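What follows is a set of notes on a single structure, which appears directly below.
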Amino acid sequence: MQFSQIIGHQEAKQLLLKSVQQNHVAHAQLFLGQEGSANLALALAYATYINCENKQPDDSCGTCGSCVKMNKLVHPDFNFVMPVTTTKSVGKDALSHKFMNEWREFVLASPYQGLNEWMQHIGAENKQGNISKEESRHLVKLVSLKAFEGSYKIVVIWLPELMHPSAANALLKLLEEPPAQTLFLLVSQSAEKLLATITSRTQIMQVRNFTEQEVVAYLQQQYNADATTANQVAQLAEGSLNAAAKLTKEISSDYFVFFTEWMRHCYSYKFGELVDMGDKFQTLGRENQKNFLLYALNLFRKVMLYGVDQGLISFLPPAELNFVQKFSKVITGNNAGQLAEELNQAHYHIERNANPKMVFVDSSLQIAGYLRNS
Numbered sequence: 001m002q003f004s005q006i007i008g009h010q011e012a013k014q015l016l017l018k019s020v021q022q023n024h025v026a027h028a029q030l031f032l033g034q035e036g037s038a039n040l041a042l043a044l045a046y047a048t049y050i051n052c053e054n055k056q057p058d059d060s061c062g063t064c065g066s067c068v069k070m071n072k073l074v075h076p077d078f079n080f081v082m083p084v085t086t087t088k089s090v091g092k093d094a095l096s097h098k099f100m101n102e103w104r105e106f107v108l109a110s111p112y113q114g115l116n117e118w119m120q121h122i123g124a125e126n127k128q129g130n131i132s133k134e135e136s137r138h139l140v141k142l143v144s145l146k147a148f149e150g151s152y153k154i155v156v157i158w159l160p161e162l163m164h165p166s167a168a169n170a171l172l173k174l175l176e177e178p179p180a181q182t183l184f185l186l187v188s189q190s191a192e193k194l195l196a197t198i199t200s201r202t203q204i205m206q207v208r209n210f211t212e213q214e215v216v217a218y219l220q221q222q223y224n225a226d227a228t229t230a231n232q233v234a235q236l237a238e239g240s241l242n243a244a245a246k247l248t249k250e251i252s253s254d255y256f257v258f259f260t261e262w263m264r265h266c267y268s269y270k271f272g273e274l275v276d277m278g279d280k281f282q283t284l285g286r287e288n289q290k291n292f293l294l295y296a297l298n299l300f301r302k303v304m305l306y307g308v309d310q311g312l313i314s315f316l317p318p319a320e321l322n323f324v325q326k327f328s329k330v331i332t333g334n335n336a337g338q339l340a341e342e343l344n345q346a347h348y349h350i351e352r353n354a355n356p357k358m359v360f361v362d363s364s365l366q367i368a369g370y371l372r373n374s
């Protein structure tokens, strides 16, 4: 993977590039970010740049022998350790190297996926994945070998927080006495679950979530999503490209149009129209119903923030910004908490299979009263 393939994150890219260019590459680095962030993608791009034979100022060349192999995840000096478990194809001694074909397919499809998707990909069914103590023996043997082709032997450990205690202690020993020309890139979502002694021996790269603009750009590039869908998904995804990819497949209606119509009828006390909207809401399907209510909550939050300080709203499409500006006049300290709680309750009941139309109509009546209580 190359840095150019990662949306945004220019600040992180520059730090990583400079560490190589100034020959300050730490032997153990921790890429820390939430699921769906760019932590694995940045680690892959960094590893590719390190062993690139024709480094450019802002990226790896992408065409040298090392880059070609790294981008296919088949470089002999590029190794992975990840949580695994026994499956139908690997009935015993589940170790990372036995799942490399599946891992390549998984990562090349998208480096923003999470543990649940990985477990499904390898056919783990309901089993939990971990990095076993047997894996640590294989890792020690692996790093004892010299690099075959590149400047460094690189080991990417994905989700090291899922290490068996024995494996974690073996890794700690390797970090304390690192083999020559060997780099450990740990890609974690929960640093607090790692041994403090491991964290203290790594150079930490905090990887922020994607911004809404970056999520929109990703969806338009990767999924050819139209602007309306991309913007609605971005508001729900909370900076996770993994969540954004799932939501893109689930969303099937224009939430913004439905929401503005809903609020207009609530404010005008048009109860006949609200009952009709309840029929439409029921046809959305449960996942769309839940996503719509989350979208409504998110938009309410932005309305409240706009009322406090317009500068707190960094990005909204013109139509939504116009709505937020107008709607903020009827959202006050008197009703903001009540409105948010009502939407939360509606989402709670939909999750628990309550009748969608009844939930929608009941919430509409409550919201109508709260809006008049501004």
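Just so you know, UniProt numbering puts the end of the sequence shown at 374, numbered straight through with nothing missing. Glycine included, C-beta positions come from ideal geometry on N, C-alpha and C. Just so you know, these numbers come straight off a predicted model, no measurement behind them.
Under the three-state reduction of DSSP output, LYS153 falls in the strand class. For THR48, the three-state secondary structure derived from DSSP is helix. Looking at the backbone, the Cα of GLY150 and that of PRO76 are separated by about 9 Å. Only buried fits VAL187, as 16 or more other CB atoms lie within 10 angstroms of its CB. Within the DSSP secondary-structure output, ALA28 pairs in a beta bridge with PHE184.
With contacts defined as CB atoms closer than 9 Å, THR48 and ASN71 qualify as a contacting pair. Cβ-Cβ distances below 6 Å link ALA217 to ILE7 in the same chain, with the five nearest sequence neighbours on each side left out; the list follows chain order. Two segments are said to touch when three or more pairs of C-beta atoms, one from each, lie closer than 8 Å; by this definition the region 101–111 does not touch the region 135–142. For the pair LEU305 and GLY272, the Cα-to-Cα distance works out to about 32 Å. Within the DSSP bridge table, the entry for PHE259 names no partner.
The beta-carbon distance between LEU371 and VAL330, rounded to whole angstroms, is 6 Å. This is short enough to meet the 8 Å contact definition. Taking one beta carbon from each stretch, the region 208–215 and the region 225–245 have 3 or more pairs nearer than 8 Å; the two touch. DSSP places ASN291 in the helix class (H, G or I) of the three-state scheme. Taking 9 Å as the cut-off, the Cβ atoms of ASN39 and MET205 count as close. VAL330 carries a coil assignment under DSSP once its states are collapsed to helix, strand and coil. In the DSSP secondary-structure assignment, ASN130 is bridged to VAL84. The C-alpha of LEU175 lies about 8 Å from the C-alpha of ILE198. Comparing alpha-carbon positions, the option among THR85, LYS146, GLN113 lying closest to LYS127 turns out to be THR85. DSSP, read as helix, strand or coil, puts MET205 in strand. Within its own chain, the residues whose Cβ lies closer than 8 Å to the Cβ of PHE99, once the five positions on either side in sequence are excluded, are MET82, VAL84, VAL90, ILE122, listed in chain order. Across the set GLN181, MET163, PHE258, THR182, the C-alpha of MET163 shows the shortest separation from the C-alpha of ALA191. In the DSSP assignment, ILE367 falls within the alpha helix (DSSP H) that extends over 356–371.
Bridge pairing for MET163: ILE131 [DSSP].
Within the same chain, and ignoring the five residues on either side of LEU115 in sequence, the residues whose Cβ sits closer than 7 Å to its Cβ are PRO83, GLY129, LEU159.
Excluding its 5 nearest sequence neighbours in each direction, TYR255 has C-beta neighbours in its own chain below 6 Å: GLN232, PHE292, TYR295, listed in chain order. Apart from sequence neighbours up to five positions away, the residues of its chain that approach LYS302 with a beta-carbon distance below 6 Å are ILE313, VAL324, ordered along the chain. In this structure, LEU339 and PHE300 form a Cβ contact; the two beta carbons are roughly 6 Å apart against a cut-off of 8 Å. Apart from sequence neighbours up to five positions away, the residues of its chain that approach GLU53 with a beta-carbon distance below 8 Å are CYS61, CYS64, GLY65, SER66, CYS67, ordered along the chain.
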